[in-house]
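**Q**
In my numbering, the protein residues as written are 712 to 872.
(1) Are the CB atoms of residue 804 and residue 823 within a distance shorter than 9 Å?
(2) Residue 687 to residue 771, Cα distance in whole Å?
(3) Measure the alpha-carbon distance for residue 788 versus residue 815 and round it to whole angstroms.
(4) On the DSSP bridge assignment, give the partners of residue 828 in chain order.
(5) Under 9 Å, do residue 862 and residue 792 count as touching if we go by C-beta distance?
(6) Answer yes or no: do residue 817 and residue 841 have a C-beta to C-beta separation smaller than 9 Å?
(7) Taking 8 Å as the cut-off, is the beta-carbon of residue 790 closer than that to any non-hydrogen atom of the ligand COA?
(8) Restricting to runs no shorter than 4 residues, where is the alpha helix (DSSP H) found entirely within the stretch 775-819?
(9) Between the C-alpha atoms of residue 712 and residue 726, what's the straight-line distance to the nearest angstrom?
(10) Can you give the beta carbon distance from residue 785 to residue 866, rounded, assuming they're within the 8 Å contact cut?
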């Protein structure tokens, strides 16, 4: 009986040693697999981010270029209109657009902010402007403000969004 107990003990010891070795191999393989998967995921994420950044940069660059071109066109047209209207009286147009409030600040009339019909079902909304209290309202300032309003009325709806 003693001999059987020793064999049982030897078998048990051998099985425990084999079990520990197998567990170590499984843990090692799991760690290596985890590291490999995480490294690949990290590389994929980095590649996707680099691609996204490149595409976003190109798209934003195109948007800024378009905005720059629009600004140049607006400036050119404003200067053309400004030179073409030299000597004209803009008092009536200015008074239709602006009014002096109780605080002595000249502001664009309220309907221009909430919406003014422009014909053909179009409404001009969101227009606002003011002249501070201590600014002298000259004929040139009236002309610039009216021309600016007229141009924003034309170009603004086109350039929204």
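In this text, a Cβ means the ideal position worked out from N, Cα and C, and glycines have one as well. Nothing here was measured: the structure is a model prediction, and the numbers come from that model.
**A** For this structure:
(1) On the chain shown, residue 823 is found 112 positions in, with the first residue counted as 1. On the chain shown, residue 804 is found 93 positions in, with the first residue counted as 1. No; because the gap between Cβ atoms is not below 9 Å, this pair is not in contact.
(2) Residue 687 falls outside the range modelled here, since the chain spans only 712 to 872, and no answer is possible.
(3) Numbered from its first residue, the chain shown carries residue 788 at position 77. Numbered from its first residue, the chain shown carries residue 815 at position 104. Rounded to whole angstroms, residue 788 to residue 815 spans 32 Å at the Cα level.
(4) Here residue 828 corresponds to residue number 117 of the chain shown, with the count starting at 1. Partner(s): 834.
(5) As a working note, residue 862 is residue 151 in the chain shown. As a working note, residue 792 is residue 81 in the chain shown. Going by C-beta atoms, residue 862 is nearer than 9 Å to residue 792.
(6) Along the chain shown, one-based indexing puts residue 817 at 106. Along the chain shown, one-based indexing puts residue 841 at 130. In contact: residue 817 and residue 841 (Cβ atoms closer than 9 Å).
(7) As for the ligand COA, it is missing from this structure, which has no ligand bound.
(8) 802-808
(9) Here residue 712 is taken as the residue at index 1 of the chain shown, counted from 1. Here residue 726 is taken as the residue at index 15 of the chain shown, counted from 1. Residue placement at residue 712 is poorly supported in this model, since its pLDDT is 49, which falls under 50; the coordinates are not used for a value here.
(10) Numbered from its first residue, the chain shown carries residue 785 at position 74. Numbered from its first residue, the chain shown carries residue 866 at position 155. Going by Cβ atoms, the distance from residue 785 to residue 866 rounds to 6 Å, so yes, they are a contact pair.
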